[in-house]
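To keep things clear, I will list the structure first and then write my remarks on it.
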Amino acid sequence: MTQAPPFHLAFAVSDLEATRRFYVDVLGCRVGREAARWIDFDFFGHQISAHLVDKARVDEAHVGEAHVGEARVDEAGAVLPTNPVDGKDVPVRHFGAILEWRAWHALVERLRELGVQFLIEPHIRFVGEPGEQATLFVVDPSGHALEFKSFRDTRQIFAT
176 MTQAPPFHLA FAVSDLEATR RFYVDVLGCR VGREAARWID FDFFGHQISA
226 HLVDKARVDE AHVGEAHVGE ARVDEAGAVL PTNPVDGKDV PVRHFGAILE
276 WRAWHALVER LRELGVQFLI EPHIRFVGEP GEQATLFVVD PSGHALEFKS
326 FRDTRQIFAT
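Residues 176 to 335 in this note's numbering are what the sequence shown lists, from first letter to last.
Here's what the structure looks like:
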């Protein structure tokens, strides 16, 4: 697989300092540029930008799409529309990273050591099928669902 260019994602947050603590102290991201109302993070080689907005606008970002499947409510009370994927209710709106196998397991260990609550516990999905992968979901302080996944064989990322 060829190296893809880094992506950029901007997203709304309700508390910059809580966001900084989560992405730096919990996930291990590095801070890039920042200003009074935003912070750039090195998110596993990609640039994500957390932009401070009022809480109501963050909540709007979570419920602004059609509810196709069921819905979950996170700890902050935000509604997370879901769809079933291999027996789990996966948040429709989420972002994340595909990590190397050992790095994914190290992240799982780190999250457990820090007492982070999983939205979806670490597990292997699509067992014995194309695209078999390790996956987990967590939620950041503003209610954004994040998925971290890994493949033993990276050729399975786009397998059908």
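Beta carbons are placed, not taken as given, at the ideal position from N, Cα and C, and that holds for glycine.
Note that the structure is predicted; figures quoted are calculated from it, not measured.
1. If you drop the 5 nearest sequence neighbours on each side, which residues of the same chain put their C-beta closer than 7 Å to that of Glu307?
2. On the three-state DSSP scale, how would you describe Ala334?
3. If you run the structure through DSSP and keep just helix, strand and coil, what is Leu286?
4. Flag this pair as touching only if the stretch 220-231 and the stretch 253-262 have three or more C-beta atom pairs under 8 Å; answer yes or no.
5. Please identify the residue among Ala309, Arg268 and Ile295 whose C-alpha is closest to the C-alpha of His280.
6. May I ask you to report which of helix, strand or coil DSSP gives Val336?
7. Go ahead and pull the three-state DSSP assignment for Leu294.
8. Would you identify the three-state DSSP class for His183, choosing helix, strand or coil?
9. Here's the rule: buried if 16 or more other CB atoms are within 10 angstroms of the residue's CB, otherwise exposed. What is Val206?
Walking through what the data contain:
1. For the purposes of this step, residue 307 is identified with residue 132 of the sequence shown, where counting begins at 1. These residues qualify, in order along the chain: Ile299, Phe301 and Gln331.
2. Residue numbering aside, residue 334 sits at position 159 when the sequence shown is read from its first letter. Correct three-state label for Ala334: coil.
3. Counting from 1 along the sequence shown, the entry for residue 286 is found at position 111. Of the three classes helix, strand and coil, the one that applies to Leu286 here is helix, per DSSP.
4. no
5. For the purposes of this step, residue 280 is taken as the residue at position 105 of the sequence shown. For His280, the nearest C-alpha among the options comes from Ala309.
6. Outside the displayed range of the chain (176 to 335) lies residue 336, so it cannot be described from this structure.
7. Mapped onto the sequence shown, residue 294 falls at position 119. Leu294 falls in the coil class under three-state DSSP.
8. Counted from its first residue, the sequence shown places residue 183 at position 8. Strand at His183.
9. The residue you call residue 206 lines up with position 31 of the sequence shown. Exposed, by the Cβ-count rule.
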